[in-house]
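First residue of the sequence shown? That's 11 in this note's numbering, and the numbers climb one at a time after it. Even glycine gets a Cβ: it sits at the ideal position worked out from N, Cα and C. Model, not experiment: these values are computed from the prediction. What follows is one structure encoded as structure tokens, with my remarks underneath.
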Amino acid sequence: MRLKSFYGANMTEAMRQVREALGDDAIIVATRDDENGGVRVTAAVDDPVLSDSAPSRRPSSVDTVDSESIDLIAQALVAHHVPLVIAEKLLATATQYANDDPLLSIGAALDTHFKYAPLYDETLVRPLILIGPPGAGKTLCAAKIATQLTLQKKDIAVISTDTERAGGMAQLGAFTRLLKTDLIEIEDPHALRDAIGMQKNGTTVIIDTAGCNPLAEADRQYLTALIKAANAAPVLVLPADLDVHEATDMAAAFQKMGASRLLPTRLDMTRRLGGMLCVAYETHLPFCHFSASGKVTEAPQPLNPVSLARLILPKKAEQPARAKAQY
11 MRLKSFYGAN
21 MTEAMRQVRE
31 ALGDDAIIVA
41 TRDDENGGVR
51 VTAAVDDPVL
61 SDSAPSRRPS
71 SVDTVDSESI
81 DLIAQALVAH
91 HVPLVIAEKL
101 LATATQYAND
111 DPLLSIGAAL
121 DTHFKYAPLY
131 DETLVRPLIL
141 IGPPGAGKTL
151 CAAKIATQLT
161 LQKKDIAVIS
171 TDTERAGGMA
181 QLGAFTRLLK
191 TDLIEIEDPH
201 ALRDAIGMQK
211 NGTTVIIDTA
221 GCNPLAEADR
231 QYLTALIKAA
241 NAAPVLVLPA
251 DLDVHEATDM
261 AAAFQKMGAS
271 RLLPTRLDMT
281 RRLGGMLCVA
291 YETHLPFCHF
301 SASGKVTEAP
311 QPLNPVSLAR
321 LILPKKAEQP
331 ARAKAQY
């Protein structure tokens, strides 16, 4: 399967180009208005180089179902404002795995083009430090993670470096008191190193940091010093509703400071996930979990190919073809 984009002043012009270049067998997988005016059409056609060695075609009814599945995926990617380069790659891979369940097809594509690393893999041997811009939701995520681990009967230590923000320490302190856990306040990297060294073996250390302006050199230097002092696993907490270009630049800056995983927040307030996908695609940061609630009792959810596919596809579109096949 080969995908290609065509541009025209209108749909008729774009479709004429599709037919001339790919022939009558071309499949339209996505259409959208071009940012420079006109229409952009993405079309697919079987690659003749692959066709000779490919297995014989399945019955046309199955092909129709598969085509409907890919069309649903294409519509979802357009609705989420997924950048064209990423959408084309996802569609190409989803087409290779096309079947009557679009969830499986897009899940396979997301598994191919994005990385994933569970949040708790390293926390038993390395502290978990949450980093990100101001207002990203780091303190709430720290409280959620602490709550989840406490419910799992894990030993935890909660440390905050957010000593300057009004109310920041009080907010996290209120949560830790409910968990019957002390909140350790530190003001410099040396104190952070000592606080971590005081913990007994097997304790999961969760570190909440102050919001960092990635454009300010002083902020970058201080956060980098904290990460090195803690020998921690840095998780970038980033709102999913930021401007895509700003978010990508921010993520790249935090990655240089040591960010190793991406935890998107505000998914309950975000209807378009194209920006989040762009951040992960451009930086190659693995997804770990996501937060979709302002309630501390609702833990961050694992973000893997299947859960990400469910976030992208509308619920009613997950298995429409399978439902049709029953009649």
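query, result
"When you compare the CB positions of A240 and P199, do they come within less than 9 Å of one another, or not?", "yes"
"If you pair each beta-carbon of the segment 228-244 with each one of the segment 277-287, do three or more pairs fall below 8 Å?", "no"
"Can you grab the Cα-Cα spacing for the pair Q181 / E197, in whole Å?", "17 Å"
"Could you spell out where the alpha helix (DSSP H) holding A226 opens and where it closes?", "Note, A226: premise wrong, no alpha helix (DSSP H); not H, not E."
"Helix, strand or coil, according to DSSP, for E118 in the structure here?", "Note on identity: in this sequence residue 118 is Ala, with Glu being the wrong assignment. Helix at A118."
"Decide if H299 is buried, meaning its Cβ has at least 16 other Cβ atoms within 10 Å, or exposed.", "buried"
"Within its chain, find whatever has a CB closer than 6 Å to the CB of Y107; leave out the 5 residues flanking it on each side and keep chain order.", "S115, A118"
"For R29 and D121, I'd like the C-alpha separation in whole angstroms.", "32 Å"
"Do you know how far the Cα of A36 is from the Cα of K325?", "28 Å"
"List the endpoints of the continuous alpha helix (DSSP H) containing D259.", "254-266"
"For a test of the three-state rule: what should DSSP assign to K210, helix, strand or coil?", "coil"
"Could you give the distance in angstroms between the alpha-carbon of M267 and the alpha-carbon of G221?", "14 Å"
"According to DSSP, what are the bridge partners of V168?", "L193, I216"
"Return the first residue and the last residue of the beta strand (DSSP E) that T275 is part of.", "271-275"
"Going by the beta-carbon positions, is the gap between I155 and L193 smaller than 9 Å?", "no"
"What does the alpha-carbon distance come out to for the pair T22 and G48?", "11 Å"
"In this structure, does DSSP put Y130 in helix, strand or coil?", "coil"
"I'd like the list of long-range same chain contacts for G142, defined as Cβ closer than 6 Å, with 5 residues on each side in sequence excluded.", "K148, L246, V247, L248"
"Going by the CB atoms, is the gap between L189 and I166 shorter than 9 Å?", "yes"
"Helix, strand or coil for P324? Go by DSSP, reduced to three states.", "coil"
"Taking only three categories from DSSP, how would you classify T307?", "coil"
"Pull up the distance between the alpha-carbon of L273 and that of I80, whole angstroms please.", "28 Å"
"Tell me whether P315 sits in a helix, a strand or coil according to DSSP, three-state version.", "helix"
"Which same chain residues, not among the five before or five after I6, have their C-beta less than 7 Å away from its C-beta?", "The chain is shown from 11 up to 337; residue 6 falls before or after that span and cannot be answered."
"Using a Cβ-Cβ cut-off of 7 Å (strictly less than) and excluding sequence neighbours within five positions of I206, which residues of its own chain qualify?", "P137, V215, A240"
"Suppose the cutoff is 7 Å on Cβ atoms and the five residues either side in sequence are ignored; what does the same chain contact list for S317 look like?", "Q311"
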